[in-house]
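**Q** Residue numbers for the sequence shown follow the numbering used here, so the first one is 655 and each next one is one higher. Glycine included, every Cβ here is placed at the ideal spot set by N, Cα and C.
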Amino acid sequence: MFGWPLPAPTRRAGALALCVALSLSGCTGNGNDAPTGIMTGTGPGTATAAPGTGNAVSPEVLKRLDLQLHIPWAAVFLPDGTAVISERESALLKVVKDGRATAIGQVPGVIPAGEGGLLGLALSPGYSTDNYLYLYFTSAQDNRIARVKLAEEPGGALSFGEPEVVFTGIPKASTHNGGRIRFGPDGFLYVGTGDSQRRDQPQDPNALGGKILRLTADGTPAPGNPFGNATYSLGHRNVQGLAWDGQGRLWASEFGPDVNDELNLIVPGGNYGWPVVTGAPHRQGYCDAKVVWPSTADSSPSGLEIVGSTAFVGALRGERLWTVALSGEEAHAPVAHFTREYGRIRDVIRTPEGSLWLLTNNQNPDFVLVLAPPA
């Protein structure tokens, strides 16, 4: 196994007070109690579902890929169409080519336990020249981000070199480890973290838990971040999905406690409430979720992809795929598909051809469901 030095936590302490976060967020409300039922927020002081389902889509299954996977967590596609998949507990990176999955190596330093292990993947925007694959994983000390160079061996097989850790210090626990990473349209790396069962973290802009972070490719806080450190938004419980719509707006899916799973529209410096509030309570200074699933039995949302004006949200405990039509900054009532047919849906990934991959979890073995390109 590879080894590498463990650098000191890569973060800068923010000097701004929490009240600045609230003023930056632009999220206000009227103090009403949180409503019940699946709903979407349609503006300050409201939480009624947007009329109808917008441009509803009906996903069509093209095929099932039985790849003998074990708890796959994320996938990315290389320029040639090869998929790279992370497995949470085995810490293996696997490539899928010509309908077959092959392990290319085990990522060193991963300590899987509970919800921790080898989690999110992100392909460098400059992959054609730097060959970097970014990894989010749980180590003995924390959750951290590293990058590896992928190389093509004689015969076409892929391998990876010694990992380079670029960011450390994200708190770990048996649950609420976050783990989704994705490069945004601005070229910066966005990181969804969990509160790691530490309720003091999400409301502290200088702590790394319960946040969406925004980093440079080298793991330093991105310029222009609202607190002068790595924090982009705060007040999150356990961010599991990140995706951008066609206008460059960032959306995120998030676990609630035993109620109020969320789909959020993310604004810089926005405070999404946890642990003070959840869902869409219209409380002054906090951002309401755009979609709220009151029962985690229906959702426990995980991976998120946006195609056109539709958000596709995988559901773990809910064992289904949710589609949510988006209209600008608002969202329509979610629609469920494949309920209890394919088990837990961990991630949703758009392929280079425009189809969608759904990664299943805990199916023993897990598989990939391929959906037709959304119309």
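If you drop the 5 nearest sequence neighbours on each side, which residues of the same chain put their C-beta closer than 7 Å to that of I765?
**A** Position 111 of the sequence shown, counted from the start, is the residue given in the question as residue 765. If we look at I765 and ignore the five residues flanking it on each side, its Cβ neighbours are T792, S793, A794.
**Q** For the stretch 794 to 819, which segments carrying the beta strand (DSSP E) assignment without a break, of at least 3 residues, lie completely within its bounds, in sequence order?
**A** 797 to 806, 812 to 814
**Q** Using 10 angstroms around the beta-carbon of P955, count the other beta-carbons present and answer buried if the total reaches 16, otherwise exposed.
**A** Taking the first residue of the sequence shown as position 1, residue 955 is located at position 301. Buried: at least 16 other Cβ atoms inside 10 Å.
**Q** Do you know how far the Cα of G957 is from the Cα of N925?
**A** Residue numbering aside, residue 925 sits at position 271 when the sequence shown is read from its first letter. Residue numbering aside, residue 957 sits at position 303 when the sequence shown is read from its first letter. So the two alpha carbons sit approximately 21 Å from each other.
**Q** Is it true that the stretch 890 to 904 meets the stretch 922 to 942, where meeting means three or more beta-carbon pairs spaced less than 8 Å apart?
**A** yes
**Q** For A811, which of V819, A755, A906 has the nearest alpha-carbon?
**A** For this step, residue 811 is matched to residue 157 along the sequence shown. The option with the nearest alpha carbon to A811 is A755.
**Q** Compare the Cα-Cα distances from E984 to each of G968, T964, L970 and report the closest residue.
**A** Counted from its first residue, the sequence shown places residue 984 at position 330. Nearest C-alpha to E984: T964.
**Q** According to the neighbour-count rule (16 or more other Cβ atoms, all chains shown, within 10 Å of its Cβ), is Q894 buried or exposed?
**A** Residue mapping note: residue 894 aligns to position 240 of the sequence shown, counting from 1. Per the 10 Å Cβ criterion, buried.
**Q** Quick check: what's the CA-CA separation for E916 versus G848?
**A** Residue 916 sits at position 262 when you count from the first residue of the sequence shown. Residue 848 sits at position 194 when you count from the first residue of the sequence shown. Rounded to the nearest angstrom, the two C-alpha atoms are 14 Å apart.
**Q** Just reading off the alpha helix (DSSP H) that S782 is part of, what are its end residues?
**A** In the sequence shown, counting from the first residue as 1, residue 782 sits at position 128. Segment 781 to 784, the alpha helix (DSSP H) holding S782.
**Q** Using a Cβ-Cβ cutoff of less than 7 Å, which residues in the same chain neighbour V961 once the five nearest sequence positions on both sides are dropped?
**A** One-based indexing of the sequence shown puts residue 961 at position 307. R1004, P1028, listed in sequence order.
**Q** Compute the beta-carbon to beta-carbon distance between F966 and T950, rounded to the nearest angstrom, for a pair I have assumed lies under 8 Å.
**A** By one-based count along the sequence shown, residue 966 stands at place 312. By one-based count along the sequence shown, residue 950 stands at place 296. Wrong, their Cβ atoms sit about 19 Å apart, outside the cutoff.
**Q** Under 8 Å Cβ to Cβ from E818, same chain only, skipping five residues before and after it: list those, please.
**A** Along the sequence shown, read from residue 1 onward, the residue named residue 818 stands at position 164. Excluding residues within five positions, the ones whose Cβ falls inside 8 Å are W658, A800, R801, V802.
**Q** Using alpha carbons as the reference points, say which of V715, E714, A757, P733 lies closest to L721.
**A** Position 67 of the sequence shown holds residue 721. Among V715, E714, A757, P733, the Cα nearest to that of L721 is on A757.
**Q** Does the beta-carbon distance from G768 to I824 come in below 8 Å?
**A** For the purposes of this step, residue 768 is taken as the residue at position 114 of the sequence shown. For the purposes of this step, residue 824 is taken as the residue at position 170 of the sequence shown. No.
**Q** By DSSP, does Y788 sit in helix, in strand, or in coil?
**A** The residue labelled residue 788 in the question sits at position 134 within the sequence shown. DSSP places Y788 in strand when its eight states are reduced to three.
**Q** Leaving out five residues before and five after V761 in sequence, what residues of the same chain have Cβ atoms less than 7 Å from its Cβ?
**A** In the sequence shown, residue 761 corresponds to position 107, counting from 1. Contacts found: A745, L747, L772, L789, F791, P817.
**Q** First and last residue of the beta strand (DSSP E) that includes W898?
**A** Here residue 898 refers to the residue found at position 244 when the sequence shown is read from its first residue. W898 -> beta strand (DSSP E) spans 893 to 898.
**Q** Going by C-alpha distance, which of F842, G910, P935 is nearest D952?
**A** If you number the sequence shown from 1, residue 952 lands on position 298. For D952, the nearest C-alpha among the options comes from G910.
**Q** By how many angstroms is the C-alpha of D858 removed from the C-alpha of P1019?
**A** Your numbering for residue 1019 matches position 365 in the sequence shown. Your numbering for residue 858 matches position 204 in the sequence shown. Roughly 40 Å separates the two Cα atoms.
**Q** Quick one: which unbroken beta strand (DSSP E) runs of 3-plus residues sit fully inside the stretch 815 to 858? Chain order, please.
**A** Annotation note: the stretch 815 to 858 contains the following uninterrupted beta strand (DSSP E) runs of length 3 or greater, listed N- to C-terminal: 818 to 824, 835 to 837, 843 to 846.
**Q** Compute the Euclidean distance between the alpha carbons of G735 and R937, then round it to the nearest angstrom.
**A** Taking the sequence shown and counting its residues from 1, one reaches residue 735 at position 81. Taking the sequence shown and counting its residues from 1, one reaches residue 937 at position 283. C-alpha separation (whole angstroms): 46 Å.
**Q** Whose C-alpha, out of V1002, N879, A729, T874, is nearest the C-alpha of A969?
**A** Stepping through the sequence shown from its first residue, residue 969 is reached at position 315. Nearest option by C-alpha distance: V1002.
**Q** Between G873, L1010, N1016, Y786, which lies nearest to E743 when the distance is taken from Cα to Cα?
**A** Residue numbering aside, residue 743 sits at position 89 when the sequence shown is read from its first letter. With distances taken between Cα atoms, E743 lies closest to N1016.
**Q** May I have the straight-line CA-CA distance separating H991 from P808, to the nearest angstrom?
**A** To locate residue 991, count along the sequence shown from 1; it is residue 337. To locate residue 808, count along the sequence shown from 1; it is residue 154. Distance between the alpha carbons of H991 and P808 is about 43 Å.
**Q** Among L896, V931, A871, L980, which one has its Cα closest to the Cα of V945?
**A** Here the question's residue 945 lines up with position 291 in the sequence shown. The candidate whose alpha carbon is nearest that of V945 is L980.
**Q** Mapping the DSSP letters down to three states, classify H986 as helix, strand or coil.
**A** As a working mapping, residue 986 is identified with position 332 in the sequence shown. Strand at H986.
**Q** For G933 and N914, I'd like the C-alpha separation in whole angstroms.
**A** Here the question's residue 933 lines up with position 279 in the sequence shown. Here the question's residue 914 lines up with position 260 in the sequence shown. Roughly 5 Å between the two C-alpha positions.
**Q** If we ignore side chains and look at the alpha-carbon of each, how far apart do G854 and R798 end up?
**A** On the sequence shown, residue 854 is found 200 positions in, with the first residue counted as 1. On the sequence shown, residue 798 is found 144 positions in, with the first residue counted as 1. The residue asked about is misnamed: residue 854 is Asp in this sequence, not Gly. Whole-angstrom Cα-Cα distance: 20 Å.
**Q** DSSP has D1020 in a bridge; who is on the other side?
**A** Residue 1020 sits at position 366 when you count from the first residue of the sequence shown. The partner list for D1020 (beta bridge, DSSP) reads L723.
**Q** With 16 as the cutoff for other CB atoms within 10 Å, does T993 come out buried or exposed?
**A** What you label residue 993 is simply residue 339 of the sequence shown in a count that begins at 1. It counts as exposed.
**Q** With respect to 7 Å, is the separation between the Cβ of S953 and the closest non-hydrogen atom of the ligand ATP below this value?
**A** Questions concerning the ligand ATP fall outside what the structure shown contains, since it holds no ligand whatsoever.
**Q** Alpha carbon to alpha carbon, how far is P948 from D840? Give it in angstroms, no decimals.
**A** Translated into the one-based positions of the sequence shown, residue 840 becomes position 186. Translated into the one-based positions of the sequence shown, residue 948 becomes position 294. Rounded to whole angstroms, D840 to P948 spans 33 Å at the Cα level.
**Q** Ordered along the chain, which non-local residues of its own chain (more than five positions away) have a Cβ less than 8 Å from that of P713?
**A** Mapped onto the sequence shown, residue 713 falls at position 59. Excluding sequence neighbours, P713 sits near F966, L975, T977, H991, F992, L1010, L1025, A1026, P1028.
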